[in-house]
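Encoded as structure tokens, the structure appears first; notes follow it.
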Amino acid sequence: GVETTGTTTGGLMCGDEICPGNFICEYDTCIPDLGPCQDYDDCPGDSYCDENGKCIPYGVPMDKFNDPTCQKEDLPDGVTPVVQCEWTGPNDPNDPTNNSHYIYTTPIVADLNLDDDTKKLQPSVVVTTWQTVGGVGRVGTLRVFDGRTCEEQMRLGGADENNTDDRPGYGSQWAVADLNGDVGNNGHPEIVGLHRNDNNTASLYALEIDNSDLNNPQLQRLWYGRNCGNNQVLEFGSGNVLHGPSIIDLDDDGIPEIVMDEMVFAANGCIQNTESYTDYAGNIGVQSAVVDVDLDGRPDLVRYNNIAEWNTITKQWQTKPWFFQNASQKAGHVAIANAGTYSQLAGKDINELPEIVVVSAPTINAGYNTSGEIRLMALNGQTVWGPIPIYKNNESFAGRGGPPTISDFDNDGHVEFAAAGAYYFGVYDPDCGPAQPQRPGGTCDRAPEMQGLPDGVLWAQPSSDWSSNMTGSSVFDFDGDGKAEVVYRDECYARVYDGQSGEVLFSAPGFSLTGIEYPTIADVDGDFKSEIVVPRTLGNINCPSPDPLFADSGDHVKKPGFVIYRDPEDRWANSRPIWNQHSYSVTHINDDGSVVKSSEILVNWLQEGLNNFRQNIQGAFGLLDIADLTVELTDLGKLCEFGGGDKTLSAEVCNRGTAPVTDGVEVAFYETNNVDDPPPGVVVCVATTQTLLEPGDCEIVMCDAVLKGTGNIYVDVDPDDTISDCHPGNNFGADAFDICPG
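Counting with this note's numbering, you get residues -18 to 723 for the letters of the sequence shown.
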């Protein structure tokens, strides 16, 4: 055979075969002569540019299946989204739920497998919408939407139903996970939330998906949370509560439990422990977290005044012996991360232990016109930083404070905490003030306009949340520079803030009367790119127009429902296709909605690039990974006869990049009028891909065409350039005359 670096032309031996006349020999393989190149974009179809400057088909040599160097390079300077789609209410004016378009729930994102095809990634958005109905009050409707189009896919429990058996609480939060272990067998995750009883108490309930009719999937109740000894449905609190459950495996059997406040329910809805419920801030409720904080492989319930381990024998929460309750531990919402070396436990490395951030109201039943505070607790319950007041400047009250988010906003190697109040949204930094030896290297690099803020406040920007002043926020590193941005929607605008300086990078109208909800950041349409989902309502509050913090916000227009934003060129860093609950932590849930066994949960704050809370990441793929679509004509037998008439055209679409590509990618086939006419010619038929393409995966697509038989045939994948692509120059395949032997 010839040397792998040599080239011979048709008619000579190449390895064990003789090359056709228009083929060459490279790497002991006969290949079409695809021409010289300087980079991958010079090579047609499913080929790459080798080190000798020649276009070589992928698979030659056999271990060459993708371009491992594919990375996004054109990252956006700032965050300038466009609307992908929005929903403002049902289209049918006769729909009884036509006015049910207010949203107080955090949008939950998950692939519910409604198409019964695990090779397709098609996430949905889960929310409760509500409307006021006569003397009944606020009536909720659970709705599920297509993340690609914002079209409604399923609904349950609204005013259009004959009874209230499936009615959700109007503002409670949802959680999505696989309760019965069928996701790996083409099943579906379940949806868990709070049911509003007729007497306006709440009960936990779970919903399953019946998609026996793929064109009309249905939600149906799986169970109510109950005492399975007497089959008594458990009622607690108020049907107007705004918080919701968390789903996690507590006992390492791979089957999740549902934690609602301090109550634990099995995956079948049976209560496991003595019921305990905390009413906080007038039916809003406490949003706690379940995290293994002492690194013993068993999850702990972390609350503002307790850390407890689930006893699998007694089926009760058992307070950790090293946690000490005291009167200063005011009620509030929590988040967990490693904030320094404040926590100490016998036999544990102090560099690996987390702390607890608590945002608390002054009293457990505090109203909106009060002033809350933020504190950092060590694992023993001692306050090690703060409490400091929620920032209010010269306003009369600060507000109770919303659920905190945690990330390294200033890239100093230590986390900071973001929280909303009534008049200001801010990031709080222990390094802004007296030296913190527990945070070596920590910095307080305030922007010029933020100089003079009180100790502990890195930055604060005016906002408006007089209604609940308990809204949450979320975090994402959109440009992949290691410094997270913050996403927050108050009563008037949805904003993206620079995490270090507080500068508003983007703002758009997003009116709400507010609960404890927040915008979520996830891949909502299955393209492995990040989008932002913003919930909205209507109301009588007057908002400035345009946004005084961002002149390009446009005029303030009130719209209900929700809106999805994306980068116009999909340049943001990649994201997971899931955000499964309000107390979201990325290591607790898999992309398909299956729950991680408790002993296999990765400790968030010990993973490179994590140490965060309510922040999404890339999952199995890199921060800046990008796809590379290629296409090549196949099934050349009939095609290479170059005759006219009815023909089935076939092409192989491949992903040669480093990030997956969703299904539904368009592939166009062209015919020129004459053989010598320049491409592309006229479209003769169009096909679409039907499956998810991981890096190195390929799929054959076909369509029927009527050919003249006088010209050349070409194929182009993603002709409208809708997919962010590493080498868009190779989306156009080599023509039939180049690849047909002869």
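No residue lacks a Cβ here, since even glycine has one placed at the ideal position from N, Cα and C.
Residue i - DSSP class collapsed to helix/strand/coil
i	result
Ser725	Absent from the structure is residue 725, since the part of the chain shown begins at -18 and ends at 723.
Met43	coil
Val584	coil
Gly(-18)	For Gly(-18), the predicted model reports a pLDDT of 32, less than 50, meaning its position is unreliable and no value from the coordinates is stated.
Pro549	coil
Val567	helix
Ile89	strand
Ala715	coil
Ile331	helix
Lys53	coil
Ser579	helix
Leu15	coil
Pro370	strand
Asn166	helix
C-alpha gap between residue i and residue j, whole angstroms
i	j	result
His225	His176	At residue 225 the sequence reads Gly, which differs from the His that was named. Looking at the two C-alpha atoms, the distance is approximately 11 Å.
Gly483	Ala441	7 Å
Asp27	Thr611	5 Å
Tyr(-7)	Gly692	Checking the sequence, you will find Leu at residue -7 rather than Tyr. Spanning the two alpha carbons is a distance of roughly 30 Å.
Asp277	Phe305	19 Å
Thr(-15)	Leu673	Only weak support is given to the placement of Thr(-15): the predicted model assigns it a pLDDT of 39, under 50, and the question is left unresolved by the model.
Gly422	Gly574	38 Å
Phe4	Ile502	49 Å
Gly218	Val157	22 Å
Gly(-18)	Cys36	Confidence in Gly(-18) is poor, its pLDDT being 32 and thus under 50, which makes the residue's placement unreliable; the coordinate value appears in the next sentence. For Gly(-18) and Cys36, the distance between alpha carbons rounds to 21 Å.
Asp389	Ile355	17 Å
Cys425	Lys53	31 Å
Tyr405	Ala379	8 Å
Lys311	Lys510	40 Å
Trp155	Gln562	6 Å
Asp551	Ile704	8 Å
Pro1	Thr643	37 Å
Gly624	Thr61	50 Å
Ser449	Ala248	32 Å
Thr295	Val577	23 Å
Leu604	Ile89	22 Å
Trp298	Ser309	22 Å
His169	Glu498	25 Å
Ile371	Glu290	31 Å
Of the listed residues the options, nearest to residue i (C-alpha basis)
i	options	result
Arg136	Gly116, Asp533, Gly70 and Ser511	Gly70
Tyr151	Gly138, Asp159 and Asn161	Gly138
Glu622	Ile570, Thr672, Phe650 and Ile694	Ile694
Asp191	Arg202, Thr691 and Asn350	Arg202
Phe725	Ser454, Cys24, Gln19 and Val467	Residue 725 lies beyond the stretch modelled for the chain, which goes from -18 to 723, so this question has no answer here.
Ile570	Tyr651, Ala686, Leu630 and Val271	Val271
Ala554	Asp458, Pro500 and Lys301	Asp458
Thr524	Tyr499, Gly491 and Asp551	One detail in the question is off: residue 524 reads as Cys in this sequence, not Thr. Closest by alpha carbon: Gly491.
Asn319	Asp127, Gln419, Ala342 and Phe543	Gln419
Ala400	Leu231, Ala91, Ile369 and Gln671	Ile369
Thr653	Thr670, Val634 and Val687	Val687
Pro709	Ile607, Glu132 and Glu7	Ile607
Gly535	Glu397, Phe543 and Ser526	Ser526
Val698	Pro660, Phe650 and Glu675	Phe650
Asp22	Cys721, Arg637 and Gln671	Arg637
Ala327	Pro302, Glu67 and Tyr349	Pro302
Glu633	Ala715, Asp14, Gly206 and Ser564	Ala715
Thr110	Pro541, Cys666 and Leu583	Pro541
Ile252	Pro280, Leu215, Phe398 and Asn287	Leu215
Asp730	Thr122, Ser105, Pro104 and Lys45	Lying before the first or after the last residue shown, residue 730 is absent from the chain, which here runs from -18 to 723.
DSSP bridge partner residues for residue i (one or two, in chain order)
i	result
Ser454	Ser454 is not bridged to any residue.
Pro149	His176
Ile37	Tyr29
Val114	Gly118
Trp291	Trp298
His314	Val340
* Give a yes or no on contact between the stretch 507 to 516 and the stretch 427 to 437, applying the rule of three or more CB pairs nearer than 8 Å. => Contact between the stretch 507 to 516 and the stretch 427 to 437 is absent, because fewer than three Cβ pairs lie under 8 Å.
* Given 8 Å, three or more beta-carbon pairs between the stretch 178 to 187 and the stretch 586 to 599 -> The stretch 178 to 187 vs the stretch 586 to 599: no contact.
* Asked: Does the stretch 193 to 202 come close enough to the stretch 236 to 253 to have 3 or more Cβ pairs within less than 8 Å?
  -> no
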